[in-house]
Amino acid sequence: MKIGIGNDHSALELKAEITDFLKEKGHEVVDYGTDSPESCDYPVYGEIVARAVASGEADQGILICGTGLGISLAANKVKGIRAAVCSEPFTAKMARAHNNCNILAFGARVVGAELAKMIVETWLNTEFEGGRHQRRVDMIMAVEDRKE
Ligand code: RB5
């Protein structure tokens, strides 16, 4: 799978660990930055990765900031994106199985590297269940068409 990854300054170390983990599992990783420890604005990276996923340039996205919140909020403004903040594997499983989320977000100041790897592994190993969940996902996405 081709995975786009993005982060702010708070998540450089965790991004490196997650990138290595993904590559070990055979995934292609495209790093959209930041690679600098200088303080930066997380919406920039949330949007870049979200646009890569929405356009099909990447199959899935992973976003990491301090909490996972700001960067996922920015990503969720891009049409076609369903980004979920997951701090444990159960939510990651449900975000894929029921919500068909296409971006996983978490916080470098919230989860440690080993827990983050479990979250990522669960995410990647879980398929969308479809059925009644497809109707609900369609309803979520229809909200985009009613934006003022
Ligand atoms: C940066 O200090 C911090 O605000 C950011 O990493 C993130 O937690 C925002 O949601």
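Residue numbers for the sequence shown follow my numbering, beginning at 13 and rising by one.
Idealized CB from N, CA, C, for every residue including glycine.
Computed from a predicted structure; not experimentally measured.
Pick out whichever of Ala28, Asp20, Ala62 and Thr31 has its Cα sitting closest to the Cα of glutamate 50. Against the sequence shown, residue 50 aligns to sequence position 38. Of Ala28, Asp20, Ala62 and Thr31, the residue nearest in Cα terms is Asp20.
How big is the Cα-Cα spacing for serine 99 and aspartate 150? As a first step, residue 99 is located in the sequence shown; it is residue number 87 there, counting from the start. As a first step, residue 150 is located in the sequence shown; it is residue number 138 there, counting from the start. One C-alpha to the other measures close to 25 Å.
Is phenylalanine 140 helix, strand or coil when you go by DSSP? Taking the first residue of the sequence shown as 1, we reach residue 140 at position 128. Three-state DSSP puts phenylalanine 140 in coil, outside helix and strand.
Let me know the secondary structure DSSP gives valine 122 once reduced to three states. Position 110 of the sequence shown, counting from 1, holds the residue named residue 122. In the structure shown, valine 122 falls within a coil segment according to DSSP collapsed to helix, strand and coil.
Assigned exposure category for alanine 125 - 16 Cβ within 10 Å defines buried: As a first step, residue 125 is located in the sequence shown; it is residue number 113 there, counting from the start. Flag for alanine 125 reads exposed.
Shorter than 7 Å, the distance from the beta carbon of serine 99 to the closest heavy atom of the ligand RB5, or not? To locate residue 99, count along the sequence shown from 1; it is residue 87. False, no ligand heavy atom lies under 7 Å from that Cβ.
Entirely within the segment 44 to 114 and at least 3 residues each: give me those beta strand (DSSP E) ranges in chain order. 72 to 77 and 95 to 97
Any heavy atom of the ligand RB5 closer than 7 Å to the Cβ of glycine 82? Within the sequence shown, numbered from 1, the residue matching residue 82 stands at position 70. Yes; taking the cut-off as 7 Å, the Cβ of glycine 82 has a heavy atom of the ligand RB5 nearer than that.
Using a Cβ-based criterion (distance less than 7 Å to any ligand heavy atom), does glycine 78 qualify as near the ligand RB5? Your numbering for residue 78 matches position 66 in the sequence shown. Answer for glycine 78: yes, Cβ within range of the ligand RB5.
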